[in-house]
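Engineer: Sharing a structure with you now.
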Amino acid sequence: MQIIHHGAVNGVTGSCHQLDVNHHSKHISSYLIDCGLFQGAETAGQSSAEQLQITFDINNIKALIVTHCHIDHVGRIPYLLAAGFNQPIYATTATAALLPLVIEDALKVGVTRDTTLIQACINRLNKLLVAVDYGQWITLPINLGESSSSRLTSTTAGINTLENPPGYTKAKLKFKPAGHILGSAYVEIDLSSPKASSTSNAKTSAKTSHRVVFSGDLGASYAPLLASPKSPYRADTLVIESTYGDKNHQGRKDRSKQLKNIIEKAVKDNGVVLIPAFSIGRTQELLYEFEHIIYRNKNNPIWQDIDIIVDSPMAANFTQKYRQFKMLWDNEAKRKLAQGRHPLDFNQLTTIDSHQDHLAVINYLDSVNKPAIIIAASGMCTGGRISNYLARFLSKPTTDVLFVGYQAKGTTGRDIQTYGPQGGYVYINELKIDIKATIHTISGYSAHADQHNLINFVKRMHHNPSHIRIVHGDDEAKQALAQEYRRLIPTAEIVIGKE
Ligand SMILES: [Zn+2]
Ligand SMILES: [Zn+2]
């Protein structure tokens with residue numbers, strides 16, 4: 001088998017990996033793991049059409065496997081469909097429920113307002129989607145002999161041959177909880193030939209079966225709402241993300257206290273607190289934390305009076321799905337439910353739906369001398385409603401901007417983080433905006449595993465991988481993680497994924 005990367009290999013966005021099985025024979029079968037959009041600096045030098053195009057041959061692709069529905073993992077799906085892809089799309093049950101909403105929103109915001117076109121795309125997507133529960137093995141379609149079209153001839157990505165095994169005749173797939181966002185999973189793909197199942201000889205068996213694990217995005221331990229991921233029992237080849245491959249997060253108590261302190265200080269001058277957040281995942285985690293702080297501070301007027309505004313119809317939709325799938329919550333969240341609390345809902349919470357209301361809220365907040373916390377997308381300030389808030393409020397000294405998620409290079413979020421504290425400026429909606437707001441970052445809310453978690457993910461496997469491919473990270477993060485893995489398993493081949 002071999003693995004080719006069509007994204008999230010030099011950086012963190014555009015996730016799209018291709019696993020080729022039996023690639024040295026005529027009977028190649030390929031599986032795509034994610035098909036995401038490039039964002040921020042990773043789009044530099046490409047026209048928007050180039051970023052979206054499916055530049056690889058899709059003839060031999062037998063299935064698309066979706067790890068989770070962040071846009072940088074699924075955003076190119078409409079283009080894959082447009083290119084003629086007509087094979088099953090496997091996702092966990094929760095991801096399958098969320099995915100059509102995500103794609104519909106992405107099309108509306110970035111591509112077309114034509115509802116017929118959008119509906120046609122969503123219908124195709126729904127037709128191909130196969131919902132799979134966590135922990136269940138599913139047999140993948142595999143090419144067993146009818147002469148298939150010629151194998152890949154050109155691709156923009158490099159090819160790394162891992163080995164040249166005898167033909168695999170069976171491929172199966174299992175999703176395991178990744179603890180990153182609702183429905184997120186890491187993927188185990190088991191390749192085998194009949195020999196492996198009919199013999200008890202371990203040596204033969206090892207030659208004829210191979211397990212590939214794709215981490216997708218792994219959650220951090222002690223993240224709100226979702227349990228942290230458990231390591232796979234075994235991986236022969238592991239393709240792993242490394243967003244925080246060189247960093248460790250602050251502890252959970254610290255970050256909750258930090259959030260409370262920052263908000264309390266920030267609202268003293270009656271200014272707004274802007275929190276850019278992905279509508280899926282981060283927004284719900286923040287609501288969960290705010291409910292907790294409000295519950296614990298019943299006698300503190302700041303917390304009993306503060307308005308918390310989620311300005312995003314999408315976020316409201318997703319919050320609804322988070323409630324629907326509460327069986328996937330962690331024990332702490334379930335305990336709160338059992339106590340009669342509503343971890344994703346409270347009195348001071350307001351949700352803004354229409355664009356008209358969105359503009360009205362901005363004008364209202366600008367005209368009153370009253371604090372409010374606003375949570376809006378996009379999480380890296382690359383567009384969405386948060387941009388309008390930033391354009392209006394970033395130049396006011398009473399404003400506070402609070403980053404709780406990773407800001408990729410080249411995004412407006414990263415620029416505000418970098419230049420804000422130096423009294424710099426940014427361009428938003430083509431306007432030059434001086435940054436007078438106070439800028440804060442709390443790293444403990446990251447939805448990504450930190451270095452410690454990434455090491456443990458491998459350390460806790462019963463059978464060590466013989467090959468680890470590090471993807472989905474900046475160069476420093478990948479290098480640092482590679483070094484840790486080399487120390488951990490000196491015999492393994494550790495490769496930094498490259499295009
Ligand atoms: Zn993600
Ligand atoms: Zn990702």
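full-length UniProt numbering numbers the first residue of the sequence shown as 1 and each following residue consecutively.
The beta-carbon is built from N, C-alpha and C at its ideal position, and this holds for glycine as well.
Keep in mind the model is a prediction, meaning the values are calculated, not measured.
1) Kindly indicate the opening and closing residues of the alpha helix (DSSP H) around residue 393.
2) Quick check on this structure: which residue in 34, 24, 29 and 27 has the alpha carbon closest to the alpha carbon of residue 7?
3) How many Å lie between residue 104 and residue 141 at the Cα?
4) What are the boundary residues of the alpha helix (DSSP H) that residue 78 is part of?
5) Rounded to the nearest angstrom, how far is the Cβ of residue 229 from that of residue 380, given a contact under 8 angstroms?
6) Measuring only the C-alpha atoms, how far is residue 319 from residue 391?
7) Kindly list the residues whose CB is nearer than 8 angstroms to the CB of residue 477, restricted to its own chain and excluding five residues on each side of it in sequence; keep chain order.
8) Which residue's Cα is closest to the Cα of residue 126: 88, 138 and 191?
9) Among 223, 313, 336 and 64, which has the Cα closest to the Cα of residue 172?
10) Using the three-state DSSP reduction, which class does residue 103 fall into: helix, strand or coil?
11) DSSP beta-bridge partners for residue 241?
12) From the DSSP output, in three-state form, read off residue 192 for me.
13) Just the Cα atoms here: how many angstroms apart are residue 434 and residue 218?
14) According to DSSP, what are the bridge partners of residue 341?
15) Going by DSSP, what residues sit across from residue 425 in a beta bridge?
16) Starting from residue 307, follow the beta strand (DSSP E) in both directions and report where the run begins and ends.
17) Can you give the Cα-Cα distance for residue 91 and residue 459, rounded to whole angstroms?
18) Candidates 77, 292 and 265: which alpha carbon is nearest residue 438's?
19) Is DSSP giving residue 66 helix, strand or coil here?
20) Which class does residue 450 belong to by DSSP, given the choice of helix, strand or coil?
21) Which residues in the same chain have their Cβ closer than 7 angstroms to the Cβ of residue 441, if we skip the five residues on either side of it in sequence?
22) For residue 109, which option in 95, 134 and 75 has the closest C-alpha, if you only look at C-alpha atoms?
23) Classify residue 26 as buried or exposed, calling it buried when 16 or more other Cβ atoms lie within 10 Å of its own Cβ.
24) For residue 366, count neighbouring C-beta atoms within 10 Å of its own C-beta (all shown protein chains included) and say buried if the count is 16 or more, exposed if not.
25) Does the distance from the CB of residue 270 to the CB of residue 371 come in under 8 angstroms?
26) Just to check, is the beta-carbon of residue 17 closer than 7 angstroms to a non-hydrogen atom of ligand 1?
27) Is it right to say residue 322 is buried, meaning 16 or more other beta carbons lie within 10 angstroms of its own, or is it exposed?
28) Let me check you understand the geometry: is the CB of residue 472 closer than 7 angstroms to at least one non-hydrogen atom of ligand 2?
29) Counting C-beta neighbours from all protein chains within 10 Å, is the total for residue 473 16 or more, i.e. buried, or is it exposed?
30) Mind checking which residues open and close the beta strand (DSSP E) that includes residue 25?
31) Should residue 183 and residue 98 be called a contact, given that it needs their Cβ atoms to be closer than 8 angstroms?
32) DSSP on residue 182, reduced to helix/strand/coil?
33) For the beta strand (DSSP E) that contains residue 113, what are its first and last residues?
34) Who are the near neighbours of residue 79 in its chain, counting only those whose CB is closer than 7 angstroms to its CB and skipping five residues on each side?
35) In whole angstroms, what is the alpha-carbon distance linking residue 100 and residue 355?
36) Take every Cβ of the region 288-308, pair it with every Cβ of the region 325-343, and state whether three or more of those distances are shorter than 8 angstroms.
Structural biologist: According to the structure shown:
1) 385-393
2) Selected option, being the one with the closest Cα: 34.
3) 28 angstroms
4) 77-82
5) Not really, about 24 angstroms apart at Cβ, beyond 8 angstroms.
6) 26 angstroms
7) Here residue 477 has 242, 243, 244, 245, 246 and 247 as same chain residues with Cβ atoms under 8 angstroms from its own Cβ, once five neighbours each way along the sequence are excluded.
8) 88
9) 64
10) helix
11) 471
12) strand
13) 36 angstroms
14) The bridge partners DSSP lists for residue 341 come to none.
15) 434
16) 307-311
17) 27 angstroms
18) 265
19) coil
20) strand
21) 403 and 417
22) 75
23) exposed
24) exposed
25) yes
26) No, the Cβ of residue 17 stays beyond 7 angstroms of every heavy atom of ligand 1.
27) buried
28) yes
29) buried
30) Careful: residue 25 lies outside any beta strand (DSSP E) and carries neither H nor E.
31) yes
32) coil
33) First-last for residue 113: undefined, no H or E at that position.
34) Result list for residue 79: 52, 53 and 54, in chain order.
35) 21 angstroms
36) The region 288-308 is in contact with the region 325-343.
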